[in-house]
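One structure is given below, encoded as structure tokens.
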Amino acid sequence: MFTGIVEELGEIVSIEPAGGQALLLTVRGPLVSSDVGHGDSIAVNGVCLTVVGRDGDTFTADVMKESVDRSSLGSLTVGSPVNLERAARVDGRLGGHIVQGHVDGTACLLSRNPGDNWDVLRFGLSAHLSPYVVEKGSITVDGTSLTVSAVSDPGAREEFFEVSLIPETLRATTLGGLTAGTTVNIEVDVIAKYVERITAVASARPRA
């Protein structure tokens, strides 16, 4: 589990095919690599990956086909910056929100509106994710825990959500360099998904 508080900006060092459309990523991240061990979890742009090797300030992780299909990791190239976060410690502070590292899909940056003290970014919202996104709720964008500052009305012709980013977020994450048309990884709040499932199961049960 993660909290969506990015620890450092890393860099893709190498990308190797691993068979069956899987990938083997090597990522430079001195901070997150400092105490990482085989089998540990690190979120790379919000995708939970298992460490299979470490060499100095780099670590290597497998990316299975499911992760390639659901996320933007398949579009990374050598030199691409990535947001990195180690798995949360049980005795640590929950600075963001509960993040599983299980990406629900991707979204495209539609527009960017710079302000004096923050930037407002608007992303397209897939119809199947729309029910889980609420104003002032939490959402994870490329591994960064953010608060939804606006969301389109239900049934809108073009569904979207907006986030307002402070200077620290712009500086410390890849979100500061995003341009319109860029694809990002999205993970919605897992609590909303549990509520939907509980309601669906209860509704399907025969009444006594």
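Heads up: the sequence shown begins at 1 in the UniProt record's numbering, then just goes up one per residue. Quick reminder that beta carbons are idealized off the backbone N, C-alpha and C, glycines included. The structure displayed is predicted, hence computed values, not measured ones.
Here ALA88 carries a coil assignment [DSSP, helix/strand/coil]. Shown here for PRO17: same chain residues with a beta carbon closer than 7 angstroms to its own, the five before and five after excluded, namely LEU23 in chain order. The three-state reading of DSSP puts PRO17 in strand, counting E and B together.
The Cβ-Cβ distance between GLU187 and HIS102 falls below 8 angstroms. Distance check between GLU85 and each of ASP57, SER41, GLY74 and GLY79 places SER41 closest, using alpha-carbon atoms only. When the five nearest sequence neighbours on each side are left out, the beta carbons in the same chain lying within less than 8 angstroms of the beta carbon of THR58 are those of VAL13, THR26, VAL27, ARG28, GLY29 and SER33, in order along the chain.
With a 10 Å radius around the Cβ and a threshold of 16 neighbouring Cβ atoms, ALA202 comes out exposed. Within the DSSP secondary-structure output, ILE186 pairs in a beta bridge with GLY105 and VAL141.
Between ILE15 and SER145, the C-beta gap is not smaller than 8 angstroms, which leaves the two residues out of contact.
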